[in-house]
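Asker: Take this structure, written in C-alpha cells, and hold onto it; I'll ask about it next.
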Amino acid sequence: MIAIVGAGIGGLAAGIALHRAGYAVEIFEQAAAIGEVGAGLSLTPNAMKALAWLGVEPAVRPLADEPPQQITRHYASGELLVSFDRSDTVARWGAPYLQIHRADLHAVLLRHFITHCAGKVHTGRRLISLKDRPENAELSFASGETWYAQAVIGADGLKSVVRRALFGDDAPRFERFVAWRGLVPRERLGALELSPGSAVFAGPGRLFVRYPVRHGALMNFVAFARVETWAGESWSQTGEVAEPRAVLADFHPEVHAILDAAPGGRCHKWGLFARDPLPSWTRGVATLLGDAAHPMLPWFGQGAASALEDAVVLGRCLLANGPNETIDAGFRNFERARLPRVTMLQRESAAGGERLVGMRPEMLSNASVVNEDSLGIFAYDPVCASLTN
Ligand SMILES: Cc1cc2nc3c(=O)[nH]c(=O)nc-3n(C[C@H](O)[C@H](O)[C@H](O)COP(=O)(O)OP(=O)(O)OC[C@H]3O[C@@H](n4cnc5c(N)ncnc54)[C@H](O)[C@@H]3O)c2cc1C
Numbered sequence: 100m101i102a103i104v105g106a107g108i109g110g111l112a113a114g115i116a117l118h119r120a121g122y123a124v125e126i127f128e129q130a131a132a133i134g135e136v137g138a139g140l141s142l143t144p145n146a147m148k149a150l151a152w153l154g155v156e157p158a159v160r161p162l163a164d165e166p167p168q169q170i171t172r173h174y175a176s177g178e179l180l181v182s183f184d185r186s187d188t189v190a191r192w193g194a195p196y197l198q199i200h201r202a203d204l205h206a207v208l209l210r211h212f213i214t215h216c217a218g219k220v221h222t223g224r225r226l227i228s229l230k231d232r233p234e235n236a237e238l239s240f241a242s243g244e245t246w247y248a249q250a251v252i253g254a255d256g257l258k259s260v261v262r263r264a265l266f267g268d269d270a271p272r273f274e275r276f277v278a279w280r281g282l283v284p285r286e287r288l289g290a291l292e293l294s295p296g297s298a299v300f301a302g303p304g305r306l307f308v309r310y311p312v313r314h315g316a317l318m319n320f321v322a323f324a325r326v327e328t329w330a331g332e333s334w335s336q337t338g339e340v341a342e343p344r345a346v347l348a349d350f351h352p353e354v355h356a357i358l359d360a361a362p363g364g365r366c367h368k369w370g371l372f373a374r375d376p377l378p379s380w381t382r383g384v385a386t387l388l389g390d391a392a393h394p395m396l397p398w399f400g401q402g403a404a405s406a407l408e409d410a411v412v413l414g415r416c417l418l419a420n421g422p423n424e425t426i427d428a429g430f431r432n433f434e435r436a437r438l439p440r441v442t443m444l445q446r447e448s449a450a451g452g453e454r455l456v457g458m459r460p461e462m463l464s465n466a467s468v469v470n471e472d473s474l475g476i477f478a479y480d481p482v483c484a485s486l487t488n
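Numbering (the working numbering), first residue to last: 100 to 488.
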C-alpha cells in the first residue's frame, strides 16, 4: 500500500494516478471533514491535459468557465494596458483555459477517487511523525493511530510534515505580499457592467484580480499588496474587506464596487510564502508532490496546475516501472522528470510579482508582459513529457 498524506488537489490527483498505475492507495487528511473551501483557481491548458489523463476532464468542464480574454487595466483610470485573446486557446495549446471554484474541482477529484477506491480517504488524520526505513514507512497520526506503508507521498501542502521529516525544517519565507480574496454573488453587484473573462487592475505595489466562477453566479476577487510583515499563515484566516478597500483607496470604481459587495464586509486574507527549490524530493520510500515539494507564488496561477502535472507524471513513471523495479525507483524517475519544469515555475513565479507591481503600470503592454505564453507554460504536456530527463 502507498500512503498519501493530504487530500488536497495534489493528493487526490495522485491517488487517482496511482490507482490507474495499479497500486493500492490510502489517503490521510487532517481535516475532520472535507468541506467547501477556497475560491477561484485557474485550469490552464497544461492542467486540463492532466485532468484528461486522470479521467475527470468531462466532469470538470461543465463546472468551469472559459474566459474569452484576459486584460490588464491601469489601476486608477481603468485604461486598457494589456489584452490577451483566449478564444483560440484550444487551437494553440490543444486544451482549453478554464477558471473554476476550487471546491468544485476538489469535489470532482474526490468523487472520482472514492468511486474507484471506496473507504480509502481517512479524514481527521493529522500526520505528526514519519519514520522512513528501507523496507517500509511508519506514519503516526494525532488521532493516536499508526499505519505502515510500502511507500509514502507527502501531498500535505506548504507546511508539509512529510517534507520536514525527510529534509528538515526550512521554514517558508514571507514574500512581503498580503492577499485578500473573496466571492461576491452576482446579484450583489446590481447593474455593474463588467468586461467578460478576467481583469487585472495593476497599480504601484498593488494588484486587483477578478474573474467569474460558477458561470457568473459568483465573482472571484483577489487583492494583493506589498507589506513588510505578516503574522498569520493559513488559507482560512478571515479579515475585514475594509482593509483592501483602504489599501486600494485610489483604485478604479469597478474595484470598489466589487469590494463593497463582499458579503458581510468579510473576506479571506493570507500572506504569500515561498521556499527555495529543493535539489531533491525523494528519500528512501518517500517522495513529495505539489506545494509540499515546490510551493510557488500565485502570479501565474500554477499552484494547482503543477500539482496535477506531478500526479500524472508520477503515475506514468510508476506505470513505466519494469517488473523488477521498486516503487522508489519510480519516485526517483518522477523527481528527475519534474525538477526542471517546477524549478522554472517556482523561479518565474517568484519574479512575476515584482514584474507586475514593481514597474509603473503605464509601462505594461502586450509586448512588455512576460506571461504564460512567452514562458511556454501552457505548452507543457504532462501526458507526453519525457520521463528520462
Ligand atoms: C483550504 C485550502 C484553500 C485553498 N484555496 C485556494 C484558492 O482559493 N485559490 C487557489 O489558487 N489556491 C487555493 N489553495 C491552494 C491550492 O489548492 C494549492 O496551492 C494547489 O492546489 C496545490 O495543491 P496541494 O495538494 O499540493 O496542496 P493543498 O491544496 O494545500 O493540500 C494539502 C492538503 O494536505 C492537508 N494536510 C496538511 N498537513 C497535513 C498533515 N500533517 N496531515 C494530514 N493532512 C495534512 C491539508 O489539509 C490539505 O487538504 C487552497 C488550499 C487549501 C488547503
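For every residue, glycine included, the Cβ atom is placed at its ideal position computed from N, Cα and C.
Kindly indicate which residue of His-367, Val-312, Leu-306 and Lys-368 has the alpha-carbon position closest to the one of Asp-349.
Answerer: Of the listed residues, the one whose Cα sits closest to Asp-349 is Leu-306.
Asker: In this structure, does DSSP put Val-312 in helix, strand or coil?
Answerer: Correct three-state label for Val-312: strand.
Asker: Quick check on the burial criterion: 16 or more other C-beta atoms within 10 angstroms. Buried or exposed for Gly-289?
Answerer: Gly-289 is exposed by the Cβ-count criterion.
Asker: How about the region 198-209 and the region 152-159: do they share at least three Cβ pairs that are nearer than 8 Å?
Answerer: With the cut-off at 8 Å, the region 198-209 and the region 152-159 touch.
Asker: Looking only at C-alpha atoms, which of Arg-172, Gly-193 and Gly-177 sits nearest to Phe-183?
Answerer: When each option's Cα is compared against that of Phe-183, the closest is Arg-172.
Asker: Under a Cβ-count criterion, where at least 16 other Cβ atoms within 10 Å of its own Cβ denotes burial, should Tyr-174 be classed as buried or exposed?
Answerer: With 16 or more Cβ atoms within 10 Å of its Cβ, Tyr-174 is classed as buried.
Asker: State the beta-bridge partners of Tyr-247 as determined by DSSP.
Answerer: Paired residue(s): Glu-237.
Asker: Measure how close the beta-carbons of Pro-295 and Ala-316 come, nearest whole angstrom, since I'm counting them as under 8 Å.
Answerer: Their Cβ separation, rounded to whole angstroms, is 15 Å, which puts Pro-295 and Ala-316 out of contact at 8 Å.
Asker: Going by DSSP, name the residue or residues bridged to Glu-125.
Answerer: DSSP, once it has assigned bridges, lists Ala-102 as partnering Glu-125.
Asker: Taking Ser-182 as part of the beta strand (DSSP E), name the residues at either end of that continuous run.
Answerer: Per DSSP, Ser-182 belongs to the beta strand (DSSP E) from 179-184.
Asker: Considering only their Cβ atoms, is the gap separating Asp-427 from Thr-381 smaller than 9 Å?
Answerer: A contact, by the Cβ cut-off of 9 Å.
Asker: Helix, strand or coil: how does DSSP classify Gln-445 here?
Answerer: Three-state DSSP puts Gln-445 in a helix.
Asker: Is any non-hydrogen atom of ligand 1 found closer than 8 Å to the C-beta of Glu-274, if you look at the structure I gave you?
Answerer: No.
Asker: Within 10 angstroms of its Cβ, does Tyr-247 collect 16 or more other Cβ (buried), or is it exposed?
Answerer: With fewer than 16 other Cβ atoms within 10 Å, it is exposed.
Asker: Nearest-angstrom Cα distance between Phe-276 and Arg-374?
Answerer: Phe-276 and Arg-374: Cα-Cα distance of roughly 14 Å.
Asker: How is the alpha helix (DSSP H) around Asp-203 delimited, first residue to last?
Answerer: 201-215 is the extent of the alpha helix (DSSP H) around Asp-203.
Asker: Can you tell me whether DSSP reads Gly-302 as helix, strand or coil?
Answerer: Looking at Gly-302 - three-state DSSP - the assignment turns out to be strand.
Asker: Can the beta-carbon of Leu-204 be found closer than 9 Å to that of Ala-163?
Answerer: In contact: Leu-204 and Ala-163 (Cβ atoms closer than 9 Å).
Asker: In the DSSP output, which residue or residues are listed as bridge partners for Phe-273?
Answerer: Paired residues: Phe-372.
Asker: Counting only the same chain and skipping the five closest in sequence on each side, list residues whose C-beta sits under 6 Å from that of Trp-279.
Answerer: Cβ within range, chain order: Ala-322, Pro-343, Cys-366 and Lys-368.
Asker: DSSP three-state call for Phe-477: helix, strand or coil?
Answerer: Coil at Phe-477, not helix or strand.
Asker: Let me check you understand the geometry: is the CB of Gln-336 closer than 8 Å to at least one non-hydrogen atom of ligand 1?
Answerer: For ligand 1, not one heavy atom lies less than 8 Å from the Cβ of Gln-336.
Asker: Measuring from the CB of Asp-203, is there a heavy atom of ligand 1 at a distance below 8 Å?
Answerer: Checking every heavy atom of ligand 1 against the Cβ of Asp-203, none is found closer than 8 Å.
Asker: Locate the alpha helix (DSSP H) running through Ser-405, then write down its first and last residues.
Answerer: Start and end: 402-419.
Asker: Does any heavy atom of ligand 1 sit closer than 8 Å to the C-beta of Asp-268?
Answerer: Flag unset: Cβ of Asp-268 not near ligand 1.
Asker: Does the separation of the CB atoms of Ala-217 and Ala-102 fall below 9 Å?
Answerer: Against a cut-off of 9 Å, the Cβ pair of Ala-102 and Ala-217 comes out as no contact.
Asker: Sorted by chain position, which residues of the same chain lie with C-beta nearer than 8 Å to His-118's C-beta, five sequence neighbours on each side aside?
Answerer: These residues qualify, in order along the chain: Val-124, Phe-212, His-215 and Cys-216.
Asker: Quick one: what does DSSP say Glu-455 is sitting in, helix, strand or coil?
Answerer: At residue 455 the sequence reads Leu, which differs from the Glu that was named. If DSSP states are grouped into helix, strand and coil, Leu-455 belongs with the helices.
Asker: Less than 9 Å separating the beta-carbons of Gly-105 and Gly-253?
Answerer: The answer is yes: Cβ separation under 9 Å.
Asker: Thr-337: buried (16+ other C-beta within 10 angstroms of its C-beta) or exposed?
Answerer: Exposed is the call here.
Asker: Between the region 189-201 and the region 217-235, are three or more C-beta pairs nearer than 8 Å?
Answerer: Cβ pair count under 8 Å is below three, so no.
Asker: What first and last residue would you give for the beta strand (DSSP E) that runs through Ile-227?
Answerer: Start and end: 226-231.
Asker: Measure the C-alpha to C-alpha separation of Pro-271 and Lys-258 and round it to an integer number of angstroms.
Answerer: Cα to Cα, Pro-271 sits roughly 8 Å from Lys-258.
Asker: By the DSSP assignment, the beta strand (DSSP E) with Glu-339 in it spans what residues?
Answerer: Element bounds for Glu-339: 337-339.
Asker: What is the C-beta distance between Phe-484 and Ala-436, in whole angstroms, given that I count them as a contact (C-beta under 8 Å)?
Answerer: At residue 484 the sequence reads Ala, which differs from the Phe that was named. With a Cβ gap of about 7 Å, Ala-484 and Ala-436 count as contacting.
Asker: By how many angstroms is the C-alpha of Ala-132 removed from the C-alpha of Met-462?
Answerer: Approximately 47 Å between the Cα atoms of the pair.
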